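Protein chains: 2
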Amino acid sequence: MDRLEELLHKTQEKSIRISVIGLGRVGLPLASVLASKGFKVNGIDVNTDTIESIKNSKCPFYDPSLQDNLEETVKSGNLTVGTKMESNFNVLFLSVGTPKTEGNTVDYSQLFNALNEIVKADILGKLIILRSTLPPKTTEDVIIPFLEDKSSLRCGKDFGLAVCPERILEGKAIRELNQLPEIIGGVNEICNNIVKSIFQEINPDKEFVITSPTGAELTKLFTNIYRYIGFALANELAIWSEMYGVDATEVIKGANYNYERCNIPIPGFAGGPCLSKDGTFLDNNTTFSSIVSTAWKLNESIPQHVINSIKKNIGNLYNKKIAVLGLSFKSGSDDLRNSPSLKLVGILKTTGAKVIVHDPYVKDTISLKQALENSEVVIIATNHKEFQNIKEEINQSKPKLIYDVWSMYESKDYPSLEYHRFGDGSL
Amino acid sequence: MDRLEELLHKTQEKSIRISVIGLGRVGLPLASVLASKGFKVNGIDVNTDTIESIKNSKCPFYDPSLQDNLEETVKSGNLTVGTKMESNFNVLFLSVGTPKTEGNTVDYSQLFNALNEIVKADILGKLIILRSTLPPKTTEDVIIPFLEDKSSLRCGKDFGLAVCPERILEGKAIRELNQLPEIIGGVNEICNNIVKSIFQEINPDKEFVITSPTGAELTKLFTNIYRYIGFALANELAIWSEMYGVDATEVIKGANYNYERCNIPIPGFAGGPCLSKDGTFLDNNTTFSSIVSTAWKLNESIPQHVINSIKKNIGNLYNKKIAVLGLSFKSGSDDLRNSPSLKLVGILKTTGAKVIVHDPYVKDTISLKQALENSEVVIIATNHKEFQNIKEEINQSKPKLIYDVWSMYESKDYPSLEYHRFGDGSL
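Heads up: the protein sequence lines correspond to chains A and B, in order. Each residue of the first sequence is one higher than the one before, starting from 57 at the first, in my numbering. Each residue of the second sequence is one higher than the one before, starting from 57 at the first, in my numbering.
Next up, the structure:
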């Protein structure tokens with residue numbers, strides 16, 4: 057029997073060992089869920105803090121549902137973790153980061169560090185599943201030639217390979233791993249079938265979209281670009297609304313209301329480690345301005361625009377105490393990568409303002425009470441649900457100005473204060 | 057009793073006379089539907105052909121459901137039409153065109169011709185409802201001052217005014233007039249209530265979004281811009297897919313499949329009288345490249361891109377016979393305004409090609425059979441449903457190349473011919 061057919065049988069019998077390299081927000085939920093379904097899973101990460109944390113059954117980032125799952129799988133012994141590759145795996149998920157360099161090109165260093173370890177571990181008869189977000193053709197033009205070259209084995213015959221990008225929402229990993237259709241771009245049918253067989257253990261009714269490796273890379277990028285453009289458009293409409301003195305959020309809600317052809321997001325910061333990066337993986341291929349690059353320019357300018365608006369109202373920010381509420385890039389998350397709120401704080405500091413940050417999800421930020429005390433400006437910069445119920449506290453602290461980036465409140469919530477929201481046309 | 061309150065009572069008793077100025081694809085369905093609900097409606101249009109056609113119960117453009125409605129309302133006498141304003145109306149809908157000039161600014165000529173007639177007819181105690189698409193602030197900064205100045209009456213007191221933009225799909229006017237929520241931006245509550253009362257005669261359960269005049273103008277523009285950007289993004293993704301030799305339509309279908317955060321349209325031509333224009337009403341306010349202007353540039357370039365792709369495959373087009381299937385800007389329509397297919401034909405002619413056009417909805421185009429005969433290239437340029445079932449005819453005519461702008465077919469439908477679709481990465 058062919059080696060990969062053998063692997064398929066072993067997978068169907070659930071007698072495979074799975075490795076997951078990269079235990080971040082993509083890899084760890086996957087490793088833990090697979091372990092909870094009875095697979096023997098070994099997770100690898102170069103970060104010793106991450107490994108220590110997991111060994112102590114503690115999720116290294118904020119995700120309550122994953123936390124419960126992790127406690128169970130570490131206790132059961134199905135999930136083991138370490139900093140070194142073990143060679144006794146049958147299937148390996150690669151979920152390391154592929155961030156942008158400062159020059160906006162892709163940084164493959166984590167990817168190739170991992171691939172180097174993988175070939176050392178011997179890949180004969182094994183399946184490599186690429187779970188990271190990759191620029192198109194990375195698999196066909198770089199990863200497969202690399203693996204074949206270093207191992208002297210043939211991809212699709214001696215070892216298997218599939219691109220299977222994650223598309224989960226941060227903080228909702230457990231639910232979404234169960235529900236979302238999986239994109240599978242294997243080098244051949246047998247690879248696709250092994251991947252299917254693994255995910256069917258998570259959910260027997262799991263749906264699949266079968267494509268090529270490059271098709272799978274593009275599917276992931278298209279998904280995120282679509283979302284990013286939507287947020288950028290909302291922000292562009294907010295900027296225009298300001299020119300006309302009309303509240304963009306109200307107009308958008310009206311435009312969407314029971315009108316199925318319209319689904320514009322609410323204006324706000326748009327960034328994070330995925331959305332603001334993935335578009336460049338395609339845009340880098342283009343010599344002229346694309347919609348993606350125009351959207352990127354716009355979204356990246358919103359923190360400065362917020363500061364400009366605040367200055368219009370209260371003037372010079374030098375020595376003024378400013379409370380920034382929320383530092384992470386999205387609600388309910390502690391993830392600071394490419395966070396527009398972090399950028400806002402950085403620019404604010406260049407104005408000479410005294411910037412104080414409170415974020416209930418981010419360690420080393422101060423309490424809400426301390427942040428509000430004597431602050432002249434309060435900026436709601438992340439739409440954490442905790443910020444939906446703090447109008448009493450803000451009203452009591454009597455700032456000169458409240459700037460609500462996310463339209464979480466309305467003017468009438470602050471009857472005796474100066475309240476503005478992004479895109480409301482009042483500044 | 058206040059004059060506008062009186063008008064509200066008359067409206068509720070259905071004893072008002074309604075005028076509709078502009079009997080195009082927006083005004084005529086509205087006039088006919090209101091007449092079918094028992095209102096006495098007088099329709100006005102400067103185009104004598106339009107008036108003659110309606111008098112003969114014939115819809116001047118393609119809309120089968122409107123055709124039936126029109127026959128009934130003309131016969132009943134509830135709908136009368138003419139080229140001259142009558143002054144005995146109580147409520148007037150203004151639904152004239154507001155096209156772009158060649159310099160991309162708005163052309164108000166139809167609007168002001170109509171407003172001049174309206175003030176001559178005396179507007180005391182009457183309500184003017186603006187149904188046309190307007191650049192933001194047109195109502196507050198131009199129309200209201202104009203009407204007050206010319207009539208020496210006060211808006212909101214002596215006469216009423218509301219912005220109530222249409223958002224129907226061409227060809228589906230009757231159904232959508234019944235179903236869609238109406239945006240109402242009246243100058244005061246009484247005006248809003250009169251408009252509501254009229255639309256509740258069309259559907260007692262009609263829903264409303266109440267806003268300001270400028271809010272209503274923006275709501276319409278936001279709706280169309282959102283759709284236009286979606287089509288442009290699909291086209292940008294198609295261009296990128298071509299660089300990687302991957303079929304964009306397949307990837308987009310995969311990305312959308314049971315993934316609620318993704319809803320990318322299929323690539324194709326994007327134009328028409330509304331979508332390609334409405335964005336400029338906001339973009340004209342901006343000195344730098346906006347997402348809207350970038351999207352416009354992209355969508356407007358697709359016809360040239362199609363021709364470039366065809367040339368890559370078969371070379372110089374000089375003297376080659378090319379059949380273009382579909383001339384209107386969208387499926388099931390005879391509307392040629394800002395049609396990318398029309399632009400395609402124009403550019404093709406500059407190449408020296410012999411261009412033959414077939415469109416089942418457009419008069420003065422030739423038959424499918426004649427178009428296909430001896431054509432070296434067949435371009436499916438509009439996604440008319442009639443084109444879903446013509447593969448036999450195309451296969452028999454044996455063109456050297458089929459170019460499918462709308463991904464209506466697949467390669468396997470043309471087993472012995474050269475078939476390419478926009479964004480499939482094969483050219």
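Glycine included, each C-beta is placed from N, C-alpha and C at the ideal position. Since the model is a prediction, treat every value here as computed from it, not as a measurement.
My guess is that Ala290/B and Ser297/B are in contact by the Cβ rule of under 8 angstroms, so how many angstroms apart are they, rounded? Translated into the one-based positions of the second sequence, residue 290/B becomes position 234. Translated into the one-based positions of the second sequence, residue 297/B becomes position 241. A Cβ-Cβ distance of about 10 angstroms is found for the pair Ala290/B and Ser297/B, leaving them out of contact under the 8 angstroms criterion.
Report yes or no: is there a C-beta of chain B within less than 8 angstroms of the C-beta of Phe192/A? Residue numbering aside, residue 192/A sits at position 136 when the first sequence is read from its first letter. For clarity, residue 192/A is Pro in the given sequence; the question names Phe instead. Judged by the 8 angstroms Cβ criterion, Pro192/A is in contact with chain B.
Under 8 angstroms between beta-carbons, which chain A residues line up against Val307/B? List them in chain order, please. Locating residue 307/B in the second sequence gives position 251, where the first residue counts as 1. Correct list: Thr267, Gly271, Leu274, Thr275, Phe278.
Of all the CB atoms in chain B, is at least one closer than 8 angstroms to the CB of Thr350/A? Residue mapping note: residue 350/A aligns to position 294 of the first sequence, counting from 1. For Thr350/A, the closest Cβ of chain B is nearer than 8 angstroms.
In whole angstroms, give me the CA-to-CA distance for Asn555/A and Lys182/A. In the structure displayed, chain A extends from 57 to 483; residue 555/A sits before or after that span and is not available.
Lys156/A - partner residues in DSSP beta bridges: For the purposes of this step, residue 156/A is identified with residue 100 of the first sequence, where counting begins at 1. BP columns for Lys156/A point to Val162/A.
For Thr248/B, which of Phe478/B, Thr267/B, Glu232/B has the nearest alpha-carbon? Along the second sequence, read from residue 1 onward, the residue named residue 248/B stands at position 192. This sequence places Asn at residue 248/B; Thr is not what is there. Restricting attention to Phe478/B, Thr267/B, Glu232/B, the CA atom closest to the CA of Asn248/B is found in Thr267/B.
Rounded to the nearest angstrom, how far is the Cβ of Arg73/A from that of Asn144/A, given a contact under 8 angstroms? In the first sequence, the residue the question calls residue 73/A occupies position 17. In the first sequence, the residue the question calls residue 144/A occupies position 88. Indeed, because the Cβ distance is near 6 angstroms, the residues count as touching under 8 angstroms.
In this structure, what does DSSP give as the bridge partners for Val137/A? Here residue 137/A refers to the residue found at position 81 when the first sequence is read from its first residue. Val137/A is bridged to Gly99/A.
Under a CB-based cut-off of 8 angstroms, is Glu356/A close to chain B? Position 300 of the first sequence, counted from the first residue, corresponds to residue 356/A. Interface criterion not met: the Cβ of Glu356/A is under 8 angstroms from no Cβ in chain B.
Using Cβ-Cβ distances below 8 angstroms, what residues of the segment 331-345 of chain A are close to chain B? The residues in question are Leu338, Asn341, Thr342, Ser345.
Going by CA-CA distance only, name the one from Ile254/B, Ser423/B, Gly133/B, Leu135/B that's closest to Lys66/B. Indexing the second sequence from 1 puts residue 66/B at position 10. In terms of Cα proximity to Lys66/B, the closest of Ile254/B, Ser423/B, Gly133/B, Leu135/B is Ile254/B.
For Asn125/A, decide whether its Cβ has a neighbour in chain E, counting only Cβ atoms nearer than 8 angstroms. Looking at the structure shown, chain E is missing, and the protein chains on hand are A and B.
Going by other Cβ atoms of all chains shown within 10 Å of its Cβ, with 16 needed for buried, is Gly388/B buried or exposed? As a first step, residue 388/B must be located in the second sequence, where it is residue number 332. It counts as buried.
The segment 213-229 of chain B: positions lying closer than 9 angstroms to chain A by Cβ: Correct list: Arg223, Leu225.
Should His361/B be counted as a contact of the ligand COA given a C-beta to heavy atom distance under 7 angstroms? Ligands are entirely absent from the displayed structure, and the ligand COA is therefore not among its contents.
Close beta carbons around Gly382/A, own chain, < 6 angstroms, minus the five adjacent residues each side: In the first sequence, counting from the first residue as 1, residue 382/A sits at position 326. Within its own chain, the residues whose Cβ lies closer than 6 angstroms to the Cβ of Gly382/A, once the five positions on either side in sequence are excluded, are Ser397, Asp415, Ala437, Thr438, His440, listed in chain order.
Between the segment 85-113 of chain A and chain B, which residues of the former have a C-beta closer than 8 angstroms to a C-beta of the latter? Taking 8 angstroms as the upper bound on Cβ-Cβ separation, chain B lies near no residue of the segment 85-113 of chain A.
Report the neighbours of Pro237/B on chain A: residues whose CB is nearer than 9 angstroms to its CB, in chain order. As a working mapping, residue 237/B is identified with position 181 in the second sequence. Those within 9 angstroms of Pro237/B in chain A are Gly310, Tyr313, Asn314, Tyr315.
Nearest to Ile100/B by alpha carbon, out of Ile422/B, Gly138/B, Glu316/B? To locate residue 100/B, count along the second sequence from 1; it is residue 44. Answer by Cα proximity: Gly138/B.
Rounded C-alpha distance that separates Ile151/A from Asn172/A: As a first step, residue 151/A is located in the first sequence; it is residue number 95 there, counting from the start. As a first step, residue 172/A is located in the first sequence; it is residue number 116 there, counting from the start. A small fix is needed here, since residue 151/A is Ser in this sequence, not Ile. Rounded to whole angstroms, the gap between the alpha carbons of Ser151/A and Asn172/A is 15 angstroms.
Does the count of Cβ pairs from the segment 338-351 of chain B and the segment 270-286 of chain B closer than 8 angstroms reach three? Yes, the segment 338-351 of chain B is in contact with the segment 270-286 of chain B.
On the CB-based measure, 16 or more other CB atoms within 10 Å of its CB, does Ile322/A come out buried or exposed? If you number the first sequence from 1, residue 322/A lands on position 266. With 16 or more other Cβ atoms within 10 Å, it is buried.
What whole-angstrom Cβ distance do Arg317/B and Arg81/A have, given they're in contact under 8 angstroms? Mapped onto the second sequence, residue 317/B falls at position 261. Mapped onto the first sequence, residue 81/A falls at position 25. 17 angstroms between Cβ atoms; not a contact.
Rounded C-alpha distance that separates Lys114/A from Lys262/A: If you number the first sequence from 1, residue 114/A lands on position 58. If you number the first sequence from 1, residue 262/A lands on position 206. Going from the Cα of Lys114/A to the Cα of Lys262/A covers about 28 angstroms.
Keeping to the same chain, check which residues put their C-beta closer than 7 angstroms to that of Lys156/B; ignore five residues upstream and five downstream. Residue mapping note: residue 156/B aligns to position 100 of the second sequence, counting from 1. The residues are Val162, Asp163, Lys333, Thr336.
Report the rounded CA-to-CA distance for Val362/A versus Ile435/A, giving the unit in angstroms. For this step, residue 362/A is matched to residue 306 along the first sequence. For this step, residue 435/A is matched to residue 379 along the first sequence. Note on geometry: alpha-carbon atoms of Val362/A and Ile435/A lie some 9 angstroms from one another.
Using a Cβ-Cβ distance under 8 angstroms, would Cys318/B count as near chain A? Along the second sequence, one-based indexing puts residue 318/B at 262. Taking Cβ atoms only, chain A reaches closer than 8 angstroms to Cys318/B, which makes this a yes.
Please decide whether Ile285/B counts as near chain A, where near means a Cβ-Cβ distance under 8 angstroms. Working through the second sequence from its first residue, we reach residue 285/B at position 229. With 8 angstroms as the cut-off, Ile285/B counts as an interface residue toward chain A.
Would you list the one or two residues that DSSP bridges to Val434/B? Start at 1 with the first residue of the second sequence, and residue 434/B comes out as number 378. In the DSSP output, where bridge partners are listed per residue, Val434/B has Ala379/B, Ile458/B.
Express the C-alpha separation of Val219/A and Ser384/A in angstroms, rounding to a whole number. Locating residue 384/A in the first sequence gives position 328, counting from the first residue. Locating residue 219/A in the first sequence gives position 163, counting from the first residue. Rounded to the nearest whole angstrom, the C-alpha separation of Ser384/A and Val219/A is 29 angstroms.
Counterpart residues of Leu183/B in DSSP-defined beta bridges: Here residue 183/B refers to the residue found at position 127 when the second sequence is read from its first residue. By DSSP's assignment, Leu183/B forms a beta bridge with Val147/B, Gly216/B.
List the endpoints of the continuous beta strand (DSSP E) containing Val76/A. The count along the first sequence starts at 1 and reaches residue 76/A at position 20. For Val76/A, the uninterrupted beta strand (DSSP E) segment begins and ends at 73-77.
Given a limit of 8 angstroms on CB to CB distance, which residues of the segment 148-177 of chain B reach chain A? Within the segment 148-177 of chain B, no residue has a Cβ that lies closer than 8 angstroms to any Cβ of chain A.
Spatial neighbours of Pro120/B within its chain, please: CB distance less than 7 angstroms, with the 5 preceding and 5 following residues excluded, ordered by chain position. Reading the second sequence from its first residue, position 64 is the one you call residue 120/B. Here the set comprises nothing.
Does Ile258/A come within less than 8 angstroms of chain B when only Cβ atoms are used? Numbered from its first residue, the first sequence carries residue 258/A at position 202. No, Ile258/A lies away from the interface with chain B (no Cβ there is under 8 angstroms from its Cβ).
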